[in-house]
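Report on the following structure.
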Amino acid sequence: MGNYTRKARKAQTRQGCFKWVERYVYRTAASGRCNRNEKHHFARFLPALLLCRRWWMEADVQPFGKLRTPPPQARGREPLRYTLDDRTDLRTHFEASGPFDSQLEAGLAAEFEAKYGGARRQWELAREDELILLGDTVMIPDFSFTHRKDGRRALLEIVGFWHPDYLRRKLAKVRQARRRDLILLVYKSANVSEGEFEAASAGEVLTFVRKPVLKDVLAAVERSAVPPKTKPGGGGALGLP
Numbered sequence: 629m630g631n632y633t634r635k636a637r638k639a640q641t642r643q644g645c646f647k648w649v650e651r652y653v654y655r656t657a658a659s660g661r662c663n664r665n666e667k668h669h670f671a672r673f674l675p676a677l678l679l680c681r682r683w684w685m686e687a688d689v690q691p692f693g694k695l696r697t698p699p700p701q702a703r704g705r706e707p708l709r710y711t712l713d714d715r716t717d718l719r720t721h722f723e724a725s726g727p728f729d730s731q732l733e734a735g736l737a738a739e740f741e742a743k744y745g746g747a748r749r750q751w752e753l754a755r756e757d758e759l760i761l762l763g764d765t766v767m768i769p770d771f772s773f774t775h776r777k778d779g780r781r782a783l784l785e786i787v788g789f790w791h792p793d794y795l796r797r798k799l800a801k802v803r804q805a806r807r808r809d810l811i812l813l814v815y816k817s818a819n820v821s822e823g824e825f826e827a828a829s830a831g832e833v834l835t836f837v838r839k840p841v842l843k844d845v846l847a848a849v850e851r852s853a854v855p856p857k858t859k860p861g862g863g864g865a866l867g868l869p
């Protein structure tokens, strides 16, 4: 986009791609130039957007926005409109997951639908529909719970049978996210010191021996869920399909 400064950008829903983050707007400083934080934020936002299946984006671009003294032909010009959608050939370096990463996830989802679905449903369960931005990396919790009436949300990450290197990376992400609405469901025999996840997390930590106790999970969801517009911690967030 050359010397163009992105004056405003927005990503809107298309068939539910963004389930709760419906709009992102970026504005330049009064000087008409993007600051470093805006550039870094957009550099994380666009790769996340490309994970969506159906989406579109519009940008109002101010020509010569980086110049302190724009040339005469640029003065008074209307912003140019830049559009992008899911037909693009761009590819993201963020990794998408398959239907389920483990039997633990599949079993929890099936049990939830059997016991708490249908007419009794109070919470909508979705898999990996929120992405937490953590500097130059991301965290995608395994599940989200959204209350059908008031829209409150909580996230759930299952920590099961994993290699020590994976657990160290997971701990680092949990520590950086500092999300009180993020519930950790940790296998009791996971290769970490006792209390390590509790010390790293701003949210609740549950443990299980053979399989998660869904009743306890939903009780933690009720305690941890936050209203949809609440900013619950350090990591920024995007909705995913």
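In short: position in the sequence shown from 1, add 628, done, that's our numbering.
C-beta atoms are modelled at their ideal positions from N, C-alpha and C, and glycine is treated no differently.
In the DSSP assignment, the residues bridged to residue 711 are 686. According to DSSP, residue pairing for residue 753 in a beta bridge involves 773. Judged by their CB atoms, residue 678 and residue 711 are not nearer to each other than the 7 Å cut-off. Between the C-alpha atoms of residue 807 and residue 687 there is a straight-line separation of about 30 Å. CA-to-CA, the gap between residue 796 and residue 824 works out to about 10 Å. Residue pairing from DSSP places residue 781 in a beta bridge opposite 774 and 854.
In the three-state scheme derived from DSSP, where H, G and I count as helix and E and B as strand, residue 806 is classed as coil. Residue 769 has its alpha-carbon roughly 6 Å from the corresponding atom of residue 756.
Beta-bridge pairing by DSSP links residue 833 to 812. Judged by DSSP in its simplified three-state form, residue 822 adopts coil rather than helix or strand.
For residue 739, the three-state secondary structure derived from DSSP is helix. For residue 841, the three-state secondary structure derived from DSSP is coil. Of 747, 774 and 746, the smallest CA-CA separation from residue 758 is found for 774. The Cβ atoms of residue 812 and residue 785 sit closer than 7 Å to each other.
Distances from the CA of residue 707 to each of 840, 690 and 716 were compared; the closest alpha carbon is that of 690. Contact between residue 816 and residue 835 holds: their C-beta atoms lie close to 5 Å from each other, under 8 Å. Straight through space, the alpha carbons of residue 840 and residue 675 are spaced by roughly 33 Å. Looking at the DSSP output, residue 787 sits in a beta bridge with 814.
Judged by beta-carbon spacing, residue 780 lies beyond the 7 Å limit of residue 772, meaning their Cβ atoms are not closer than that value.
Proximity to residue 713 across 683, 788 and 844 peaks at 683, based on C-alpha coordinates. When secondary structure is reduced to three states using DSSP, residue 733 falls in the helix class. Just so you know, the alpha carbons of residue 792 and residue 762 end up roughly 21 Å apart.
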